[in-house]
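Below is one structure, written out as structure tokens, with a few remarks after it.
Number of protein chains: 2
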Amino acid sequence: MNKNIEQLSAVQKKEMERQYALYANGVSEIIPALELKQKIAKSLLEKKPLKVKLGLDPSAPDVHIGHTVVLQKLKQFQQHGHMIQLIVGDFTGKIGDPTGKSAARKQLTDEEVKHNAQTYVEQFGKVLDMEKVELHYNSRWLSALNFEEVVRLAGSITVARLLERNDFSQRISAGKPISLHEFFYPLMQGYDSVVLESDIELGGTDQHFNVLMGRQLQEHYQKEKQAVILLPLLEGLDGVEKMSKSKGNYIGIQDEPNDMFGKTMSIPDELIAKYIDLATSFDLKKKTQLKIDLKCGKLHPRDAKVMIAENFVTMFHGRKPAEGAVHHFQQVFQHKKLPEEIPAVVWKKASEISVVDLIVELGLLPSKSEARKMIQNGGIKLNGEKVTNISLEIEIKNDTIIQVGKRKFLKLTL
Amino acid sequence: MNKNIEQLSAVQKKEMERQYALYANGVSEIIPALELKQKIAKSLLEKKPLKVKLGLDPSAPDVHIGHTVVLQKLKQFQQHGHMIQLIVGDFTGKIGDPTGKSAARKQLTDEEVKHNAQTYVEQFGKVLDMEKVELHYNSRWLSALNFEEVVRLAGSITVARLLERNDFSQRISAGKPISLHEFFYPLMQGYDSVVLESDIELGGTDQHFNVLMGRQLQEHYQKEKQAVILLPLLEGLDGVEKMSKSKGNYIGIQDEPNDMFGKTMSIPDELIAKYIDLATSFDLKKKTQLKIDLKCGKLHPRDAKVMIAENFVTMFHGRKPAEGAVHHFQQVFQHKKLPEEIPAVVWKKASEISVVDLIVELGLLPSKSEARKMIQNGGIKLNGEKVTNISLEIEIKNDTIIQVGKRKFLKLTL
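Chains as they are written, first to last, in our numbering: chain A, 697 to 1110; chain B, 697 to 1110.
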């Protein structure tokens, strides 16, 4: 394979290095770097697109900004003519947990699988050109394997190697049971690469073991081995944990423009450079410039975040809503003004009420105790005035504006 | 199930205990004893035969006296109307070793599997009534399993439980690799019991883990669990190692009558009682009497061995050949005479030859060095006279008799 690189013309070689630098930007690891270069070289020589694989878990289709790390990377490949292979791992989804012990691994129907896959397609379509994406369901080839073929598949790996996987070794040390069937999940993912003859597989650093399995299995089945690109995990709004829906620290890509913008503005300053690198759709040159400006103080962190937030809203909602969100943000936060459009509700209940009861009645907070806590934290405003007394009783008048936290506004009309 | 026993009449209860005592005689372990009794009770109440399973390795069909341990036990069940299930493990035989590393586990063709199974049938037929035996090939149900069903099967067991198996834990400690597919062999054997709804499985003590797997899987698939009978392993002629073809310490059940008889006479005296118990077809009463007589000196070990040897030859060759073998043995060994019939060969080569060359030419020993060693050990006789000179040259005359070891004779005619 090494001779691919030697055969390149000077122009091609420069192009190969340029693509490589782009794909390598911001990633955690490339295994192995030389093979990725060789694959790019081969693609240039033979004018054949590379097949770039990403596996999807069909049980959790909520896409958030954490996913854009890999989407942006896929987009870079797509922009150079390469083909994206999205694999919906529906085979395991349909099996569920054969021991019945794992609530997390519930059995999905064909319909649920199709629906979840469709959700991915719609949401990914905001970043990727879905015309240049192959969508595969791995049940197509996995459900066709018989026991003999499964034995051959299992013969490609040792028990010791599987026990190296982090979560397995941790459970063994903790004396927690591992059911034998669990050993097959990485093998299934790897076998997908055998069937699809993937050139490259992308995954988060937490997928290290599983994506390398593809290389091992391709070798066992005497195919060309895929190169592997591991991407860093993006921390969420708390700045500590990996962004995920279950942790509540995420920016959903279906969040409303103003919400998406506001959440992005709340990321810790230390994460700005990482968000620029991994999650925005800026080109390499712009990313580099932004990071330099930020570092030498030429770019204020707040302004950097505005640019990131605007980029996100543009990506998932479009140009106009992004401009709107910038404007809204400036109105509410920077100029400490009220937003131009505040949702209004008609108030038909008692005109005299405590602020705490009012907040709960309007559904702005789920309980009185949370309402009281929010008042104590200075998070409640009435007609622009901070409420300080948790027992405050008020008389509702027309156009009373109540504000909870930074972004929730409601206007009461009588 | 316990109520089966309670429902028995006094006569039935006595019969149940009698059968149980018979089946339990000479075995290493019954798991669990109470369940075996319950199964016998149920069979008596419902007048339904029990299904008694034995798994066979299709790659090594050479049957020797070591196998009669389990055959005699099966025969006891058969004599009480129960049904024997012989399972030819052809599924693994046809797969071979998917890693290609194990020479022992070579891939067998359909023809080889059938041929080996036929060998079992013929040889087992000398002990068992093959009319009351079901012969099953496990590829019938195992090759029909798809990946999803295999995942369910694998979900029935934990990795930790599999690692408890002796050879696996030893290999893990020694840092020797275990290929994942090897974990499936015990599962396949266990799944056979699920499909065949076996009541009882027999196996040597070295099969402890595998036969218990049948119980575990039957439970997982919500079937009645089989009871397990573990049988001791019979030591071979060396009195130390398990009888096996590869160790050369075996009495083959296809050995010629005189050879079978002679080999049996060579077992160490300490093993006589064990051979009586496990390998002969004597009834329980006779076995007990023989062991008592032997212990109190009423029966000479040599005479006990004659009875065992006669029993073996009768079992595998018939009454007449057994009598002939006894006679032959008494002629040659006890009366130190030559046997009545000595095979003759016509000698057409040089009439003057060294004894060493003669032995090799006749194919009595494989090499000159072994011939010289045998002379030094006093194992070569010419016309009844021990040869002591390893360089001895002789002239071949008509009716020259050469004897190698205790049992090989050849007469040369000119």
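A virtual CB, placed ideally from N, CA and C, is assigned to each residue, including glycine. None of these values were measured; they are calculated from a predicted model.
Listed along chain B, no residue sits closer than 8 angstroms to F905 (chain A) by beta-carbon distance, the nearest being about 14 angstroms off. Close to P882 (chain B), with beta-carbon spacing below 8 angstroms, lies no residue of chain A; the smallest spacing is near 11 angstroms. Out of B:F1012, B:A870, B:A969 and B:E1037, the CA that lies nearest to the CA of N721 (chain B) is found in B:A969. Sorting A:D1053, A:K983, A:G1101 and A:L1106 by C-alpha distance to the C-alpha of D1095 (chain A) places A:L1106 at the top. Selection A:F905, A:V890 and A:S940 evaluated against E920 (chain A) yields A:V890 as nearest (Cα-Cα).
Every beta strand (DSSP E) stretch that sits fully inside the region 739-819 of chain A and reaches 3 residues is listed by chain position as 747-752 and 779-784. Per DSSP, G900 (chain B) is not a residue of any alpha helix (DSSP H); the beta strand (DSSP E) it occupies stretches across I896 to G900. When B:K983, B:G948, B:L967 and B:I1086 are compared, the shortest CA-CA separation from K1069 (chain B) is found for B:I1086. Under the three-state reduction of DSSP, K1044 (chain A) is assigned to coil, being neither helix nor strand. The DSSP-derived three-state label of E915 (chain B) is helix. Per DSSP, H1013 (chain A) is not a residue of any beta strand (DSSP E); the alpha helix (DSSP H) it occupies stretches across P997 to H1013.
Spatial neighbours of L849 (chain A) in its own chain (CB-CB distance under 8 angstroms, excluding positions within 5 residues in sequence) are listed in chain order as L841, L883, Y887 and L913.
Shown here, I949 (chain A) sits in coil according to DSSP, grouped into three states, outside any helix or strand.
In this structure, the CA atom of V1052 (chain B) is about 11 angstroms from the CA atom of V1100 (chain B). In this structure the region 874-881 of chain B does not touch the region 734-745 of chain B; the number of beta carbon pairs closer than 8 angstroms is below three.
Exposed is the label assigned to K981 (chain A), since fewer than 16 other Cβ atoms lie within 10 Å of its Cβ. Close CB contacts of M1011 (chain B) within its chain, under the 7 angstroms cut and outside five residues either way in sequence, are with K822, V823 and S977 (chain order). Taking all protein chains in view, the Cβ of Q922 (chain A) is crowded by 16 or more other Cβ atoms within 10 Å, so the residue is classified as buried. By the Cβ criterion, the region 784-793 of chain B is not in contact with the region 959-973 of chain B, since fewer than three pairs of Cβ atoms, one from each stretch, lie closer than 8 angstroms. At a cut-off of 9 angstroms, the C-beta of V809 (chain A) has no neighbouring C-beta in chain B. Between the region 828-841 of chain B and the region 773-782 of chain B, the count of C-beta pairs closer than 8 angstroms reaches three or more; the two stretches touch. Residues of chain A whose Cβ lies closer than 7 angstroms to the Cβ of I791 (chain B) are, in chain order, E844 and V847. For I1097 (chain B), the uninterrupted beta strand (DSSP E) run begins and ends at T1096 to V1100, by DSSP.
Across the structure, Q772 (chain B) and V766 (chain B) are spaced so that their CA atoms are roughly 10 angstroms apart. About 6 angstroms separates the Cβ atoms of L892 (chain A) and K749 (chain A), confirming a contact at the 8 angstroms cut-off.
An exposed status is given to E1091 (chain B), since fewer than 16 other beta-carbon atoms sit within 10 Å of its beta-carbon. Among the residues of chain B, those whose CB is under 8 angstroms from the CB of T854 (chain A) are P873, I874, S875 and L876, following chain order.
Following the DSSP letters along the chain, one finds K970 (chain B) in no beta strand (DSSP E) but inside the alpha helix (DSSP H) bounded by residues I968 to A975. By a beta-carbon distance limit of 8 angstroms, Q866 (chain B) does not contact G751 (chain B). Their separation comes to about 22 angstroms.
Per DSSP, the unbroken beta strand (DSSP E) holding K1077 (chain B) starts and ends at I1076 to L1078. Closest in alpha carbon position to D758 (chain B), among B:E897, B:K943, B:G899 and B:D895, is B:K943.
Any Cβ of chain A closer than 9 angstroms to the Cβ of I868 (chain B) would place that residue at the interface, and such an atom is present.
Residues K1045 and I1049 of the same chain have their beta carbon placed closer than 8 angstroms to that of E1057 (chain B), with the five preceding and five following residues left out of the count. L858 (chain B) carries a helical assignment under DSSP once its states are collapsed to helix, strand and coil. Interface residue (Cβ-Cβ distance to chain A less than 9 angstroms): G910 (chain B) is not classified as such. Under the Cβ criterion of 9 angstroms, P794 (chain A) is counted among the residues facing chain B.
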